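Here is the structure we will look at, set down as structure tokens.
Protein chains: 2
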Amino acid sequence: MGQSVGIKDVAREAGVSVGTVSNVINRPEAVADATRARVQAAIERLGYVRSESARQLRAGRSRIIGLLVLDMGNPFFVDVARGAERAARDTGLGVMVCNSAQSPAEEADYLSLFAEQRVRGVLLTPAEATGPTVEAFRRHDIPFVLVDRVAEGATECSVSVDDVNGGALAVRHLIDAGHRSIAYVSGPRTLNQVEDRRQGALRALKEAGLPASALRELPTERLDVAAGRDAGARLLGLTERPTAVFCANDLLALGVLQSLYAAGVRVPDDIAIVGYDDIEFAAAAAVPLTSVRQPAVHMGALAADLLLEEIEAADDPGRAHEHRRVVLQPELVVRGSSLGAR
Amino acid sequence: MGQSVGIKDVAREAGVSVGTVSNVINRPEAVADATRARVQAAIERLGYVRSESARQLRAGRSRIIGLLVLDMGNPFFVDVARGAERAARDTGLGVMVCNSAQSPAEEADYLSLFAEQRVRGVLLTPAEATGPTVEAFRRHDIPFVLVDRVAEGATECSVSVDDVNGGALAVRHLIDAGHRSIAYVSGPRTLNQVEDRRQGALRALKEAGLPASALRELPTERLDVAAGRDAGARLLGLTERPTAVFCANDLLALGVLQSLYAAGVRVPDDIAIVGYDDIEFAAAAAVPLTSVRQPAVHMGALAADLLLEEIEAADDPGRAHEHRRVVLQPELVVRGSSLGAR
DNA sequence: TGTTCCGGTTCAAACGATTCAGGTACGCGC
DNA sequence: GCGCGTACCTGAATCGTTTGAACCGGAACA
Chain A
1 MGQSVGIKDV AREAGVSVGT VSNVINRPEA VADATRARVQ AAIERLGYVR SESARQLRAG
61 RSRIIGLLVL DMGNPFFVDV ARGAERAARD TGLGVMVCNS AQSPAEEADY LSLFAEQRVR
121 GVLLTPAEAT GPTVEAFRRH DIPFVLVDRV AEGATECSVS VDDVNGGALA VRHLIDAGHR
181 SIAYVSGPRT LNQVEDRRQG ALRALKEAGL PASALRELPT ERLDVAAGRD AGARLLGLTE
241 RPTAVFCAND LLALGVLQSL YAAGVRVPDD IAIVGYDDIE FAAAAAVPLT SVRQPAVHMG
301 ALAADLLLEE IEAADDPGRA HEHRRVVLQP ELVVRGSSLG AR
Chain B
1001 MGQSVGIKDV AREAGVSVGT VSNVINRPEA VADATRARVQ AAIERLGYVR SESARQLRAG
1061 RSRIIGLLVL DMGNPFFVDV ARGAERAARD TGLGVMVCNS AQSPAEEADY LSLFAEQRVR
1121 GVLLTPAEAT GPTVEAFRRH DIPFVLVDRV AEGATECSVS VDDVNGGALA VRHLIDAGHR
1181 SIAYVSGPRT LNQVEDRRQG ALRALKEAGL PASALRELPT ERLDVAAGRD AGARLLGLTE
1241 RPTAVFCAND LLALGVLQSL YAAGVRVPDD IAIVGYDDIE FAAAAAVPLT SVRQPAVHMG
1301 ALAADLLLEE IEAADDPGRA HEHRRVVLQP ELVVRGSSLG AR
């Protein structure tokens, strides 16, 4: 049809100037009733939709924030996204969710996409230890908040959950149940979360006077169910098979569970399992999964709030912003997969 | 810092005109080596990032397509998104994923957002039966493809899975196992998927010479695990309790399963369950879930391909585009939750 | 009668990139 | 010496919107 009607066409149609049309849209109270009605009718008639890019170009900034998560296949991050989205939409900002799939290359791609889009801010769950991408990103002073990772310097905010404590909670629970040989299905070592949870596990062993060798690490390439199945198979092949497994997340745990189930190994009688994240599906698993719960939605919302605060402070020199590092506490949820003492 | 360096700043820094800088970025082969190097150095030095909105304004269009799904909390749609994203990125287009959460109001919001963004096309899983929103959307001739829903007219493409057949597969399976009284945990009636699966269920009953009354419908507000738990509780309260349950999706099925499990009802011995979608977690459920598998990733990719074809046809008048309605077939995956004949 | 104010409105200048119709300089052939 | 082609570069117009300054006709005030 009209192949893109602009504000000018509306103005002509309504017999007013473009400025007036703009006013009708952005400050309707500043326009006389009759004119406003006429313009609105013209807008309706022509099916006018304002161009966000032009608007944005003029404003010099967009009205969206970017959210880059590690893995959209993991319900944990879906929850984080939900929390962030709700908080952001409350203040009229949109959220653009992207999935780095744990790849630093994709992460870098999306970050430059965000920069090109001139997003107002970014929520980031970094794929790399100390992202050089993050470093590069800081140059285009776009505010950002690290999610599920503690900021190292005082140069940005972060919201995370105490993974060391989480790991300790899980393993302490297993030790209390009498386990003395525990496997840790861990995922890629480069991920902070994986490493911190391992540290927590080791701490729990130490507290109980057990040697670090009581923890057998089974690293995996990825943090998904397939990797878990694979780890489960490897676990079954071990000589001196551990009596318990702590998994770096619930997807791995569900995969391990499936493997064991398929091989006729009973859970928790033969092997106990503890997962991490307490995703909704953990409770519905073959054997309901003991898991370390993280306040995912809350974390997302909190991160968005911090980011919004920082954005506002950047706009209005009156308000100062001090970077904060919020650390939330995880909580152990005991279910069937780890019940019954040895 | 430089508070937003533009192409002009780069030009000044490198001692060339803006046109040349633009050429360095967009057609580097048209620029002399020495100049190109100089410009690139300037870009580097100033940390220049081109503004997508300006680019877009000039071009009159963006380089992204919108994807509006019913529920990001459902791994089924996450898979659809994955498929679409992969296909789109192969051709250099970005995907903006949004979640209508089954709300027609949110759907309308996001569609106008898409229109304002001048997206190149939209993949839509509509929340409403015959969306008036869809109708309104057609005006801004942005190509779109319906996903998981058959197009009614010949005015657009669609990719869907045969839900009637899927429902029939599920219920036929239950009938074959000897069940004569089956509950249908259905979700909101307004959703086509829900209704089609019901039709399929009824067809299977009819084929087997059973009365339609053999199917007891338990509608729910939403299609998630919580609603499933709720339906499970209602199911337990029924007099003349059905011996099998067919759920409109796996989330509901998992919820029902949890309810039954908590109440000590054995699955499949006391009650059999069949879900729908065959999400990854179905196989890992308390009792591995029999489910009707849908080719989610494939559907997403196919939908994106159709959309891309339509977009190309719109650009280049040489290529014609004919709307197609692709209907994929579902597949029954039998697992423990429905095993064992009466 | 002149001044000020006021609600409504118009006008024109941005915003940052792309693109295209010209330059300019140089080399080549006649 | 002249015309011409080639390779490279410049400069201005353009996209659609917002925004503040200017304008305008009438009412209120002195």
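These protein sequences, in sequence, are chains A and B.
In this text, residue positions in the first sequence follow this note's numbering: the first is 1, and each later residue adds one.
In this text, residue positions in the second sequence follow this note's numbering: the first is 1001, and each later residue adds one.
Virtual Cβ for every residue (Gly too), placed ideally from N, Cα, C.
Bear in mind that the values here come from a model prediction, so they are computed numbers and not experimental data.
Given the structure, does residue i come close to the ligand NAP, in the sense that its CB is under 8 angstroms from one of the ligand's heavy atoms?
i	result
P75 (chain A)	Within the structure as shown, the ligand NAP is missing, as the structure has no ligands at all.
Going by other Cβ atoms of all chains shown within 10 Å of its Cβ, with 16 needed for buried, is residue i buried or exposed?
i	result
D316 (chain A)	exposed
A285 (chain A)	buried
E29 (chain A)	exposed
N249 (chain A)	buried
L218 (chain A)	buried
Q1102 (chain B)	buried
V334 (chain A)	exposed
A1037 (chain B)	exposed
Q193 (chain A)	buried
S1186 (chain B)	buried
T125 (chain A)	buried
R1189 (chain B)	exposed
Cutting at 7 angstroms between CB atoms, please list the residues of its own chain near residue i, excluding the five before and the five after it.
i	result
E1085 (chain B)	V1095
A314 (chain A)	P143
A212 (chain A)	L202 and L205
Here's a check: name, in chain order, each residue in its chain whose Cβ is nearer than 6 angstroms to the Cβ of residue i, leaving out the five neighbours to either side.
i	result
V1097 (chain B)	L1067 and A1081
V327 (chain A)	S160 and D162
M1001 (chain B)	Model confidence at M1001 (chain B) stands at a pLDDT of 47, short of 50, so the residue's coordinates are unreliable and nothing is read from them.
V1164 (chain B)	D1196, Q1199 and G1200
Alpha carbon to alpha carbon, how far is residue i from residue j?
i	j	result
V267 (chain A)	D148 (chain A)	30 angstroms
R1180 (chain B)	A1168 (chain B)	15 angstroms
A1108 (chain B)	I1142 (chain B)	15 angstroms
A183 (chain A)	C157 (chain A)	34 angstroms
R1197 (chain B)	E128 (chain A)	45 angstroms
R1203 (chain B)	A1214 (chain B)	12 angstroms
Q40 (chain A)	L1111 (chain B)	20 angstroms
V171 (chain A)	A272 (chain A)	11 angstroms
V1119 (chain B)	S51 (chain A)	11 angstroms
T1239 (chain B)	R45 (chain A)	58 angstroms
A1296 (chain B)	V5 (chain A)	37 angstroms
E1207 (chain B)	A303 (chain A)	55 angstroms
L339 (chain A)	V287 (chain A)	10 angstroms
R1216 (chain B)	A1233 (chain B)	15 angstroms
For chain A, find out if any of its Cβ atoms is closer than 9 angstroms to the Cβ of residue i; answer yes or no.
i	result
A1285 (chain B)	yes
E1085 (chain B)	yes
V1018 (chain B)	no
R1082 (chain B)	yes
G1264 (chain B)	no
Q1117 (chain B)	yes
A1054 (chain B)	yes
P1268 (chain B)	no
S1051 (chain B)	yes
L1257 (chain B)	yes
N1026 (chain B)	no
Please check the pair residue i and residue j, which I expect to be a contact at CB under 8 angstroms, by giving their CB distance rounded to whole angstroms.
i	j	result
A301 (chain A)	A87 (chain A)	4 angstroms
L307 (chain A)	L113 (chain A)	That belief does not hold up - the Cβ atoms of L307 (chain A) and L113 (chain A) are roughly 18 angstroms apart, past 8 angstroms.
R139 (chain A)	G1228 (chain B)	No, R139 (chain A) and G1228 (chain B) are not in contact; Cβ-Cβ is about 48 angstroms, not under 8 angstroms.
V1024 (chain B)	V1018 (chain B)	Rounded, the Cβ-Cβ distance is 11 angstroms, inconsistent with contact.
Got a sec: is the Cβ-Cβ distance from residue i to anything in chain B below 9 angstroms?
i	result
R222 (chain A)	no
L260 (chain A)	no
M96 (chain A)	yes
F373 (chain A)	Here chain A comprises residues numbered 1 to 342, so residue 373 (chain A) is not present and cannot be evaluated.
L57 (chain A)	yes
S22 (chain A)	no
P317 (chain A)	no
V78 (chain A)	yes
H343 (chain A)	Look at the range of chain A in this structure, 1 to 342, and you will see that residue 343 (chain A) is not part of it.
M72 (chain A)	yes
P60 (chain A)	Reading off the sequence, residue 60 (chain A) comes out as Gly, not Pro. Yes, its Cβ sits closer than 9 angstroms to a Cβ of chain B.
S112 (chain A)	yes
G47 (chain A)	yes
Quick one: residues in its chain with C-beta nearer than 8 angstroms to the C-beta of residue i, no 5 flanking neighbours on either side, listed in chain order?
i	result
D224 (chain A)	D71, G73, N74, L251, L252 and G255
I1064 (chain B)	L1093, G1094, V1095, M1096, Q1117, V1119 and R1120
R1293 (chain B)	D1277, D1278, P1330, E1331, L1332 and V1333
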